[in-house]
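Have a look at the structure below before the remarks.
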Amino acid sequence: MAEKMNINPEENTGNQKIQAETTRKEEKKIIEVQNLKTEFRMKRRTVYAVNGVSYYVKAGEIVGVVGESGCGKSVTQMSSLQLLLSPPAKITEGRVIFDGDKDILSYDNDGEEIRSLRGAEIAMIFQEPMTSLNPVLTIGEQIAESVRLHMGLDKKEARKRVIDLLRLVNIPDPESRYGQYPHEFSGGMCQRIMIAMAMACNPKLLIADEATTALDVTTQAQILETLQDVVKKTNTALIIVTHNLGIVARYADRIYVMYAGRVIESGRAEDIFKNPQHAYTIGLLNSVPRLDDDKTRTLVPIEGMPPNLQKVSEHCPFLPRCTQALPECSANGVPVIEERGCEHFAACYNRNLNKAVHASKDVLETKTVSEEHILEIKGLHMGFRVKGKNYGGKTTLKILDGVDLYLRKGETLGLVGESGCGKTTVAKCILRLYTPTGGSILFKGTDLTGLREKDLRPCRKNIQFIFQDPFGSLDPRQTIGDIVGEPLKVHKLVSGKEAYNNRVKELFEMVGLDYAMSSRAPHELSGGQRQRIGIARALASEPELIICDEPVSALDVSVQAQILNLLEGIQRKTGISYLFIAHDLSVVRHISDRIAVMYLGRIVEIADCDQLYNNPVHPYTKALLSAIPIPDPEVEKARERIPLLGEMPSVSRRPEGCSFHPRCTFACDTCSRKVPELVECESGHLVACPVMYK
Amino acid sequence: MKDKLFFSALFAKKIVIVCTVILGLFVLAAVFAPVLAPYDPAAISLKDKEVAPCLAHLLGTDSLGRDVLSRMLYGARISLSISLVSVLIGGISGMVLGTLAGYFGGVVDMVISRCADALISIPPIILTIAIGTALGQSTLNIMIAVGISSIPGNIRMMRAKVLSVKERDFVTAARVIGEDNKWIMLRHLIPNCISPLIISVAMSLGGAIMAEATLSFLGIGIQPPNPAWGTMVSDGMRYLETKPYLALIPGFAIMIIVLSFNIVGDALRDALDPRIRGNS
Amino acid sequence: MGKYIAKRVAQAIVVMFLVTIISYALIQIMPGDAAVIYLGSDAADEELLARTRAELNLDKPFIIQWVLWVKNFMLGDFGKSFHYHLPVKDMIMERLGITFTLGLFALVISVTVGILLGIAAATHRNKFWDNVINVLANIGISAPSFWISLLCIYIFALHFKLLPVQGYVPPDKDFGDAIRHMILPCFIMALPSIATMTRQTRASILDVLNEDYVRTARSKGLKKNVILFKHVLKNALIPVLTVLGMSIASLFGGSVMVEQIFNIPGMGQMVTTAVLNRDIPIIQAYIVIISLVIILSALLVDIAYGIVDPRIRIAKGEK
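See the structure below:
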């Protein structure tokens, strides 16, 4: 017998009896949240962050909560433990039943009862591992604190338990690391410590709130695997809160999809992905790039922006962005969440949703890539002088250790690698924001490395840059019109006020913005609109090459697709070349013609897009691809997972020989001695691994 | 819309409105002192000496028979002009030096920062006294002395702000576009760094008034017969037991004005800081 | 850690030298001839004037003058007072102890009272006591100390006759009387520091309360007081240390005024008299000594930073 979920408050009372009966038959519900409403009351406005959310988690179950930023997924979790600071937060309605009989919201905030649950029965892991640990206390002390408080162990026993916990989460050498401070650990390690802390008292429920968002993909995979292992071993229920559809597809048993402070769809992972029943879920799946995508797939973005939560919407909150709305959607109130199948519920009036919205764009229009090399980088070295251990002594930190690349006119080269691998440094060297310590950068035959700042300035208009952070890259004191027009003034590209205005208008139109907005300040724009301004500014001087440094990673998934499509469209129109830097291999796959993989300041593999994804050769490339979850539970089940050993070392301790060999399962003797060179293994496919390719 | 929000944030507390009104009255009194003052502030009339507050002399007269109210009004003039000029001296020099130190770093930064450190390790009041003594006592020299003692703090603040703003992407963007250092500093850095400096300068107006009053009280500031509030307190001190109002009224005026500057400055800072504005 | 300290010591020495330049430059910018001021009415004697100039090294270039002055200073010769024609060193030594005693008491008062009030205000955020403390702190910063002094003298000494009006009694002579004489001056000297200390403590506690690790501590189920005293205070007091360093400077600044009003024969009173007499050597020596104390305390504060904050201790030290 399927159970009924009570999203609608009116149904609550009537169904409570039935519910109580079903609970007994089913597996025990660890936590059950009913009709939770949370708002933030500020002086001049109220934000209705959570508008009647209900969910439950059964013992030992892994539940995923997905949604874009601002959909209320984190606030929901924080509310259920009364962790939000009040004021401004206020839980106005709802019940949270834990372990059958504990009514959490009836407890005094920070009172005795709720404190005996926090950390002991329900534990949480947060997004920023580095700032979530107290910088002035040792990590051992911070974990031991919890153990001593809830389990009543003495100092010695606590220490023993902490060391066992650290071992459980794979922290090497736990005895000696017990007394270290958080800043002595990497982000991934800090998150492991947070997991150890969360698991310290054998909680019944663990909540991971965007626990891996701040981490690199391979670290993310490691952490999630650890988490999955630990909860399965101890039969702990786990809630994974994330914006990443791939993660929930890979790890979750059941999924809740949230939008505008409501659960709009929930169900078993396979059902959600295979048979989505809400227009938003479908839109989300259509806009997300997948690692296993066909090269010809066009992303279909969800146009518009998530609603402003300062007022409670009268209709379906997704209505303004919905392409499959029916007349009744605007006639009726907010749709009630209803059963659509076994454990599958959705809040959508349209029962006959079109699931595969097909490419609306002219896919066939191909772009032309000429053989001319617009950019050629040879043996690029970049080092920073840093203070060494001795007084006054300086050592050089080699960030780039011989990078070779070329870029053809009109093509997109993807440059991928984890943070700290040097990909942004390559970009900054090309832009001469850094002066390389060795090698050459030929742009259309001119070597940029030797140019003086004064001679360089005229060249700058040919190579432009798009930044990762759409908030920081626009001067908050200028209007967006001035920002876009600035390159025109600097290089005196137009003469006269009228020509200037016309050109700015043209640029606004090129990136899909209304010129009427040009007198606005950047902070009045959404993230996606700002990124469009950044693109317009880069286009202003009609460059031949644009370097895009993670241009979509700060944006919500539905907006990512808009920007990716825009960049592709511009390339088709103008024949511009892109160097596209990103850590997300599924995004890179979509936009790139060729892809280069970097590891610790060296290129380890370059290939055509399809070659690289279908036939990766370097062990690092393989591990990197394997670490990225695909938003499809069925595909995920069939995938082979290649675990990576350890973490990427800092460049100051670059291993001898192949820098990847300490983490490589295939490494042999020669790997630790000789730096492998890039060798062509098939046409256009270069690999720096003599073991895999002889 | 934005300005409306700003003003409603600024005047959210009643005390801020009260203080703004007080400051407004202070400025009016200073500007229109010649019109408002019932007597000549320097006119000595020994037959009217030490008159208690009455209708003819609202705040009484001092030991030389000068009208206290008139002297207070003219004193407001001196306080306001000295604090304005000195704060401008300190603010502009601090802005220029701080921007240079923060933007160029290296040797430039080292020289400027160490000099600021040296100035900061002399208590401001002592630095002001020393410079005032060495320059000789004139109104301009007092302005310079008070101004110089506020330079190091402004340098530090501007430098720290420039250091953080210079790392922001839009400055990199300006370099990528091909702008030169002068353009970057004038168009991007200073406009983005100036608001904390303006706030601090607004707040230091109170401090400057206090510094001038202190100098005058010690007898090394504004020289008699000019009516400075600090001098009036020190003159009145001798009659503390018999006529306490002679010393306490001008002192109270100094406190209220300085307090108002501080409270309005605080409110200004909070209103301009979007982080605080969003939360409260 | 050792390296970090060494770097800070080197910086402090540089700054100290700059201070000596600044204070020596005072003679240079002073209008008129220092020798004339030194001699007073005897300046008419041309020969004596020339001899005095040579004696005061005024005939040499600025750099030489400065080097000689610093050298003498380090050897313990602070020069002679222009006005009293006595060795400045002896004059200062007589008064140093008095000012330092006052300053020390005021410092202790301002640290304890300031931090306690700050904690009280932060834990009662936006409630009655927070507002009261906030208003008091604002007044403490805004009220001119000479005026507060007069007000206190008027109320406590003249009106209620609880405390002496002014003067100084050495503690070894009559301890009780000495304390009674010190209550008002110490409290008034401490007032601005109490106020800044309170505000800084409150602000940084509120900042730290917003940190992610406080959320972590709460999610562990710790008691409010454990979170406040173990997790919050240790972090929040780090910026308060900086204010402590600056307080020392403002305490010395305040001593000038307080000693003058309460007629306490300390260095502050000496320097006020020196200013009125244009007795530059005393002012110079005073500046150098006070700055030395301030620079040393800033150095101690920075070292204390390193001890309190493991990030500095390890990042900047040798591993």
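Chains as they are written, first to last, in this note's numbering: chain A, 343 to 1036; chain B, 40 to 319; chain C, 10 to 328.
Glycine is no exception: its CB is placed at the ideal position from the N, C-alpha and C atoms.
Pair within 7 Å by beta-carbon distance, residue i and residue j
i, j, result
"A878 of chain A", "L849 of chain A", "yes"
"I825 of chain A", "L816 of chain A", "yes"
"T207 of chain C", "L260 of chain C", "no"
"A611 of chain A", "I597 of chain A", "yes"
"P194 of chain C", "V122 of chain C", "no"
"A213 of chain B", "G304 of chain B", "no"
"A173 of chain B", "L67 of chain C", "no"
"I291 of chain C", "A169 of chain B", "no"
"M647 of chain A", "S868 of chain A", "yes"
"K720 of chain A", "S782 of chain A", "yes"
"Y397 of chain A", "L651 of chain A", "no"
Partners in chain C for residue i, counting only beta-carbon separations shorter than 8 Å
i, result
"T473 of chain A", "E220, D221, Y222"
"V66 of chain B", "By Cβ distance, chain C contributes nothing, its closest Cβ being about 18 Å from V66 of chain B, past 8 Å."
Exposed unless 16 or more other CB atoms sit within 10 angstroms - verdict on residue i
i, result
"E327 of chain C", "Note that E327 of chain C scores 32 on pLDDT, short of 50, meaning its location in the model is unreliable; the coordinates nonetheless yield the value given after this. That one is exposed."
"F65 of chain B", "buried"
"N451 of chain A", "exposed"
"C58 of chain B", "buried"
"H686 of chain A", "buried"
"M271 of chain B", "buried"
"S992 of chain A", "exposed"
"L84 of chain C", "exposed"
"R366 of chain A", "Its pLDDT being 42, under 50, R366 of chain A is placed unreliably by the model, and the measurement read from it follows with that caveat. Exposed is the call here."
"D926 of chain A", "buried"
"S994 of chain A", "exposed"
"A559 of chain A", "The residue asked about is misnamed: residue 559 of chain A is Val in this sequence, not Ala. Result: buried."
"W138 of chain C", "exposed"
Residue i - DSSP class collapsed to helix/strand/coil
i, result
"K653 of chain A", "coil"
"K847 of chain A", "helix"
"Q376 of chain A", "strand"
"M111 of chain B", "helix"
"L747 of chain A", "strand"
"N732 of chain A", "Its pLDDT being 47, under 50, N732 of chain A is placed unreliably by the model, and the measurement read from it follows with that caveat. Three-state result, N732 of chain A: coil."
"R914 of chain A", "helix"
"N81 of chain C", "helix"
"R383 of chain A", "strand"
"E435 of chain A", "strand"
"D186 of chain C", "helix"
Contacts of residue i in chain A (Cβ-Cβ under 7 Å)
i, result
"G217 of chain B", "R799, R802, K803, V832, H833"
"D51 of chain C", "Those do not exist, as D51 of chain C stays about 54 Å from chain A at its closest Cβ, beyond 7 Å."
Listed by chain order, chain B residues near residue i by CB distance under 8 Å
i, result
"F382 of chain C", "Beyond the ends of chain C as shown, which are 10 and 328, falls residue 382 of chain C; an answer cannot be given."
Residues that residue i contacts on chain B, provided the C-beta gap is smaller than 7 Å
i, result
"Q873 of chain A", "Here the premise fails: no neighbours, minimum Cβ distance about 12 Å."
"E886 of chain A", "Neighbours of E886 of chain A on chain B: none; closest Cβ ~14 Å, over 7 Å."
"N244 of chain C", "Those do not exist, as N244 of chain C stays about 19 Å from chain B at its closest Cβ, beyond 7 Å."
"E828 of chain A", "I216"
Beta-bridge pairing of residue i - partner residues as DSSP gives them
i, result
"G725 of chain A", "A:K740"
"Q806 of chain A", "A:I888"
"M940 of chain A", "A:I945"
Chain-ordered neighbours of residue i on chain A, where CB pairs are closer than 9 Å
i, result
"F256 of chain B", "Correct list: empty, because the minimum Cβ distance to chain A is about 42 Å."
Contact set between residue i and chain C, taken where Cβ atoms lie within less than 9 Å
i, result
"D148 of chain B", "Those do not exist, as D148 of chain B stays about 13 Å from chain C at its closest Cβ, beyond 9 Å."
"Y520 of chain A", "Chain C residues near Y520 of chain A: none, gap ~14 Å exceeds 9 Å."
Residue i: contacting residues in chain C (beta-carbon distance under 7 Å)
i, result
"P283 of chain B", "Y163"
Within chain D, partners of residue i - CB distance below 7 Å
i, result
"L67 of chain C", "The question asks about chain D, but that chain is absent: this structure's protein chains are A, B and C."
Contacts of residue i in chain A (Cβ-Cβ under 8 Å)
i, result
"H240 of chain C", "N476, L479"
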